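Asks: First, the structure itself, so that you have it in front of you.
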């Protein structure tokens, strides 16, 4: 086994082009488990934990660009206004994992249970990919193509995730068995977009990849419209509409039975999480602007 | 491959298999057995150590990634006869039973108290959520954190 240790993104992309068999490793919190248990023995690694370009958080106007190598602990400290992302970051692993694990790792692993991924989907994030051939930006939807399958080319690296910051409350919540180190049985991110009068919902761990719930989103936005809640947050939405919203989110899930939970349980959990998330968002909208 | 890392203030070298974890270097190459090996998947926290001052699960750090970096282990806290206040507090509060998880907990607690000298119960439980103890039921560990926090604020060292 060989470990390549480039010190800049340019060098790393040259390594990727010359040695596509070398697996990129950043925090190592997914890959080291595979290695420790002998499930995987790559011929080579490219250590991308020392690339300064991947450790950058940039804000330009209403756009956030989050370097793929920024660990969750830094996201919690440095992006406090990205509420849903911070909530997801706080549920990743444990403190020991959050100092190492990265959003780039969630993306690269491409598991539908990656906690940051429903948030990126609710943010309509773009994934920035670079190779010696150049840089491209693709939507999260085009990047996450299947369970643990991504659109990353063999010579590419994930450089960043970027999104236009939605104005409005958002959240992330998940269901699991312990308050740490939980691979979610179901995860949900809800984001209100006040400017577009939209409600976005994304689901994790309940399908082959991250799913949005378009019917529920349209219904949710419509419910706020009907009650006049877009203009007047005090109006809220009726209990029956919250229940219907939950049903529609549950219907968008494509869960399976596995060791962590049954499909029926997962679908039920999606409905519960959705109702709660919309209730929290409506309560947040009633708070005076700070 | 040859790696060189600063462990508890001393530069050490080890010739390691490139797929080794930092944990295996600490234990098998450097003879620092205070850092425990249990789950090897980041679940249990018994291998907690510091890498460049950040709390990590050393089983999940590729040894090559620690090359040229600073590592602190449980051995940096205290030794027989001169224990760190966190270690004293664990003994006095009865937070040690079989003792296997203890070094990992003490590292995590010390890290917590560096960032938050007077944590609430909720903060303590969140900060220690990545460390498993199968003996104590955790309450005595929480008691030990409060005891250590009180003593450390009285007598800063």
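Residue numbers (the numbering used here), protein chains in the order written: chain A, 1 to 290; chain B, 291 to 447. Built from N, CA and C at the ideal position, the CB exists for glycine as well. In this text the structure is predicted, and so the values were computed from the model without any measurement.
(1) Could you tell me the distance, in whole angstroms, from the CA atom of residue 32 (chain A) to the CA atom of residue 243 (chain A)?
(2) For a cutoff of 8 Å on Cβ pairs, would you count residue 338 (chain B) as touching chain A?
(3) Return the Cβ separation of residue 11 (chain A) and residue 159 (chain A) in integer angstroms, given the expectation that the two are a contact with Cβ distance under 8 Å.
(4) Below 8 Å on C-beta distance, what does residue 291 (chain A) contact in chain B?
(5) For the segment 328-348 of chain B against the segment 82-98 of chain A, do three or more pairs of beta-carbon atoms, one drawn from each stretch, fall closer than 8 Å, so that the two count as touching?
(6) In the structure shown, what three-state DSSP assignment does residue 262 (chain A) receive?
(7) Using only CA atoms, which one of A:272, A:257, A:220, A:172 lies nearest to residue 86 (chain A)?
(8) Between residue 267 (chain A) and the rest of its own chain, which residues show a CB-CB distance below 6 Å, the 5 nearest in sequence each way excluded?
(9) Put residue 222 (chain A) into one of helix, strand or coil per three-state DSSP.
(10) Residue 347 (chain B): which of B:395, B:436, B:429, B:442 sits nearest, CA to CA?
(11) Chain B partners of residue 2 (chain A), CB-CB under 9 Å?
(12) Rounded to whole angstroms, what's the CA-CA distance from residue 51 (chain A) to residue 157 (chain A)? Just pull it up for me.
(13) Any idea if residue 405 (chain B) is buried or exposed, counting beta-carbon neighbours within 10 angstroms, 16 or more meaning buried?
(14) With 8 Å as the threshold, decide whether the Cβ of residue 391 (chain B) is near any Cβ in chain A.
(15) Quick one: what's got a C-beta closer than 6 Å to residue 138 (chain A)'s C-beta in the same chain, skipping five residues either side?
(16) Residues of the segment 84-107 of chain A with a CB closer than 7 Å to any CB of chain B: list them in chain order, please.
(17) So for residue 312 (chain A), helix, strand or coil by DSSP?
(18) Counting along the chain, where does the beta strand (DSSP E) carrying residue 62 (chain A) start and finish?
(19) Looking at C-alpha atoms only, which residue of A:40, A:7, A:72 is the closest neighbour of residue 27 (chain A)?
(20) What runs of the alpha helix (DSSP H), each 4 residues or longer, lie entirely inside the segment 306-389 of chain B?
(21) Going by DSSP, which residues form a beta bridge with residue 4 (chain A)?
(22) In the DSSP assignment, find the unbroken alpha helix (DSSP H) run with residue 76 (chain A) in it and report its ends.
(23) Taking one C-beta from the segment 310-318 of chain B and one from the segment 346-360 of chain B each time, how about it: are there three or more such pairs within less than 8 Å?
(24) Could you give the distance in angstroms between the alpha-carbon of residue 145 (chain A) and the alpha-carbon of residue 152 (chain A)?
(25) Do you know offhand how far residue 271 (chain A)'s Cα is from residue 121 (chain A)'s?
(26) Would you mind stating whether residue 274 (chain A) and residue 175 (chain A) have Cβ atoms separated by less than 8 Å?
(27) Determine the direct distance from the alpha carbon of residue 374 (chain B) to that of residue 447 (chain B), and round the result to whole angstroms.
(28) Could you check if residue 36 (chain A) is buried or exposed, using at least 16 other CB atoms within 10 Å of its CB as the buried criterion?
(29) Among the candidates A:107, A:223, A:24, A:123, whose CA atom is the shortest distance from the CA of residue 193 (chain A)?
(30) With a threshold of 16 other CB atoms inside 10 Å of the CB of residue 320 (chain B), please say whether the residue is buried or exposed.
(31) In chain D, what lies closer than 9 Å to residue 351 (chain B) by C-beta?
(32) For residue 377 (chain B), count neighbouring Cβ atoms within 10 angstroms of its own Cβ and tell me buried if that reaches 16, exposed if not.
(33) Examine chain A for any beta-carbon lying closer than 8 Å to the beta-carbon of residue 346 (chain B), and answer yes or no.
(34) Based on the DSSP secondary-structure assignment, which residues constitute the bridge partners of residue 198 (chain A)?
(35) Between the segment 403-429 of chain B and chain A, which residues of the former have a C-beta closer than 7 Å to a C-beta of the latter?
(36) Identify the residues that DSSP records as bridge partners of residue 161 (chain A): which are they?
Replies: In short, the structure shows the following:
(1) In the first chain, residue 32 (chain A) corresponds to position 32, counting from 1. In the first chain, residue 243 (chain A) corresponds to position 243, counting from 1. The alpha-carbon atoms of residue 32 (chain A) and residue 243 (chain A) are separated by roughly 42 Å.
(2) As a first step, residue 338 (chain B) is located in the second chain; it is residue number 48 there, counting from the start. By this cut-off, residue 338 (chain B) is an interface position.
(3) Start at 1 with the first residue of the first chain, and residue 11 (chain A) comes out as number 11. Start at 1 with the first residue of the first chain, and residue 159 (chain A) comes out as number 159. Incorrect: roughly 14 Å between the Cβ atoms, too far for contact.
(4) What the structure shows of chain A is the stretch from 1 to 290, and residue 291 (chain A) is not part of that stretch, so it cannot be assessed.
(5) yes
(6) Residue 262 (chain A) sits at position 262 when you count from the first residue of the first chain. In this structure, residue 262 (chain A) counts as coil in the three-state DSSP scheme.
(7) If you number the first chain from 1, residue 86 (chain A) lands on position 86. Here the closest residue by C-alpha is A:172.
(8) Counting from one through the first chain, the residue named residue 267 (chain A) turns up at place 267. Same-chain partners within the cutoff: 250, 253, 255.
(9) Working through the first chain from its first residue, we reach residue 222 (chain A) at position 222. Helix at residue 222 (chain A).
(10) By 1-based counting over the second chain, the position of residue 347 (chain B) is 57. Of B:395, B:436, B:429, B:442, the residue nearest in Cα terms is B:395.
(11) Stepping through the first chain from its first residue, residue 2 (chain A) is reached at position 2. Within chain B, the residues near residue 2 (chain A) are 291, 308.
(12) The count along the first chain starts at 1 and reaches residue 51 (chain A) at position 51. The count along the first chain starts at 1 and reaches residue 157 (chain A) at position 157. Cα to Cα, the separation comes out at about 11 Å.
(13) On the second chain, residue 405 (chain B) is found 115 positions in, with the first residue counted as 1. So residue 405 (chain B) ends up on the exposed side.
(14) Within the second chain, the letter at position 101 stands for residue 391 (chain B). So no, residue 391 (chain B) is outside the interface.
(15) In the first chain, counting from the first residue as 1, residue 138 (chain A) sits at position 138. So the list reads 127, once near-sequence residues are dropped.
(16) From the segment 84-107 of chain A, only 93, 94, 95, 96, 97, 99, 100 have a Cβ closer than 7 Å to chain B.
(17) Missing from the structure shown is residue 312 (chain A); chain A here goes from 1 to 290 and no further.
(18) Residue mapping note: residue 62 (chain A) aligns to position 62 of the first chain, counting from 1. Note, residue 62 (chain A): premise wrong, no beta strand (DSSP E); not H, not E.
(19) Counted from its first residue, the first chain places residue 27 (chain A) at position 27. It is A:72 whose Cα lies nearest to the Cα of residue 27 (chain A).
(20) 375-383
(21) Here residue 4 (chain A) is taken as the residue at index 4 of the first chain, counted from 1. Answer is A:46, bridged to residue 4 (chain A).
(22) For the purposes of this step, residue 76 (chain A) is identified with residue 76 of the first chain, where counting begins at 1. From DSSP, the alpha helix (DSSP H) with residue 76 (chain A) extends over 72-78.
(23) yes
(24) As a first step, residue 145 (chain A) must be located in the first chain, where it is residue number 145. As a first step, residue 152 (chain A) must be located in the first chain, where it is residue number 152. Approximately 10 Å, taken between the alpha carbons.
(25) Within the first chain, residue 271 (chain A) is the residue found at index 271, counting from 1. Within the first chain, residue 121 (chain A) is the residue found at index 121, counting from 1. Residue 271 (chain A) and residue 121 (chain A): Cα-Cα distance of roughly 18 Å.
(26) In the first chain, counting from the first residue as 1, residue 274 (chain A) sits at position 274. In the first chain, counting from the first residue as 1, residue 175 (chain A) sits at position 175. Contact: no.
(27) The residue labelled residue 447 (chain B) in the question sits at position 157 within the second chain. The residue labelled residue 374 (chain B) in the question sits at position 84 within the second chain. Because the pLDDT at residue 447 (chain B) is just 48, under 50, the model does not fix this residue reliably, and the point stays unresolved.
(28) Here residue 36 (chain A) refers to the residue found at position 36 of the first chain. By the 10 Å Cβ count, residue 36 (chain A) comes out buried.
(29) Mapped onto the first chain, residue 193 (chain A) falls at position 193. Looking at the Cα atoms, A:123 is the closest of the given residues.
(30) Here residue 320 (chain B) corresponds to residue number 30 of the second chain, with the count starting at 1. By the 10 Å Cβ count, residue 320 (chain B) comes out buried.
(31) The chain inventory of the structure shown lacks chain D, comprising the protein chains A and B.
(32) Taking the second chain and counting its residues from 1, the one referred to as residue 377 (chain B) is at position 87. Buried, since its Cβ has 16 or more Cβ neighbours within 10 Å.
(33) Position 56 of the second chain, counting from 1, holds the residue named residue 346 (chain B). For residue 346 (chain B), the answer is yes, since a Cβ of chain A falls inside 8 Å of its Cβ.
(34) Here residue 198 (chain A) refers to the residue found at position 198 of the first chain. Note: residue 198 (chain A) sits in a beta bridge opposite A:193.
(35) Answer in chain order: 417, 419, 420.
(36) Within the first chain, numbered from 1, the residue matching residue 161 (chain A) stands at position 161. DSSP output for residue 161 (chain A) lists A:66, A:127 as bridge partner(s).
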